[in-house]
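Those letters in the sequence shown? Residues 7 to 135, per our numbering, in order. Idealized CB from N, CA, C, for every residue including glycine. This report concerns only the one structure given below.
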Amino acid sequence: MVTALSCNAQERYNSFVAKFRTRLLSEEDRLNTYFRATYGKSAQREHDDYITQLANVQSERGLQAGTIFCSQRMAMFDEVAALNDEHDLSNYAEAKDIVQPATFETCEAPAVERATSNSRRRARSTRKA
7 MVTALSCNAQ ERYNSFVAKF RTRLLSEEDR LNTYFRATYG KSAQREHDDY ITQLANVQSE
67 RGLQAGTIFC SQRMAMFDEV AALNDEHDLS NYAEAKDIVQ PATFETCEAP AVERATSNSR
127 RRARSTRKA
């Protein structure tokens, strides 16, 4: 988005979004799920802050790069236009040096403890007492 706005490439950005809309929406859903699970009621604010920070980091890189920024970033539109599918997009994105404003760890959900008949009996007897 920063490249599209900074380099007057909105049409190319829109083409990218249209081509990979399904995957982009799926990833946005995953991001929303993460922020809801992590931040609860403040999820939207935290998500908005993250997106703003991401844009700011990219803008700062653009300012540091100067006039070469647009030529470097515009090439990315050519590269993604040549991708065949969402799998190619994932591989492409993983290979790019895109600075993130935050670090997130991936972890497994905690195991759900199954209730045994003994634990149910204990729970019932505790309630009666």
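### Query
So what does DSSP say about G46, is it helix, strand or coil?
Shown here, G46 sits in a helix according to DSSP, grouped into three states.
### Query
What is the residue span of the alpha helix (DSSP H) that D84 lies within?
D84 -> alpha helix (DSSP H) spans 74–87.
### Message
Given this structure, state the Cα-to-Cα distance separating Q64 from Y40, to the nearest angstrom.
### Response
Cα to Cα, Q64 sits roughly 22 Å from Y40.
### Message
For C13 and M80, which I take to be in contact (beta-carbon distance under 8 Å), what is that distance rounded to the nearest angstrom?
### Response
Yes, C13 and M80 are in contact; Cβ-Cβ is about 6 Å, under 8 Å.
### Message
One question on the structure: do S92 and R29 come within less than 7 Å of each other, judged by their Cβ atoms?
### Response
Note on residue identity: the sequence assigns Glu, not Ser, to residue 92. With respect to R29, E92 sits close: the two C-beta atoms are nearer than 7 Å.
### Query
Comparing the CB of G68 with every heavy atom of the ligand HEM, is any distance shorter than 6 Å?
Among the components of this structure there are no ligands whatsoever, and the ligand HEM is therefore not found.
### Task
For G46, count neighbouring Cβ atoms within 10 angstroms of its own Cβ and tell me buried if that reaches 16, exposed if not.
Around the CB of G46, fewer than 16 other CB atoms lie within 10 Å, so the residue is classed as exposed.
### Query
So, V8 versus A61, is the Cβ gap smaller than 7 Å?
Their beta carbons are under 7 Å apart, which means V8 touches A61 by this criterion.
### Message
Mapping the DSSP letters down to three states, classify F22 as helix, strand or coil.
### Response
Residue state, collapsed to three classes: helix.
### Query
Can you tell which of Q59, F26, G72 has the C-alpha that lies nearest to the C-alpha of S96?
Residue nearest to S96 within the set Q59, F26, G72 is F26 (criterion: CA-CA distance).
### Message
So, for E52: in the same chain, excluding its five sequence neighbours on each side, which residues have a beta-carbon less than 8 Å away from its beta-carbon?
### Response
The beta carbon of E52 sits closer than 8 Å to the beta carbons of F41, T44, Y45 from its chain, once the five residues preceding and following it are set aside; these are given in chain order.
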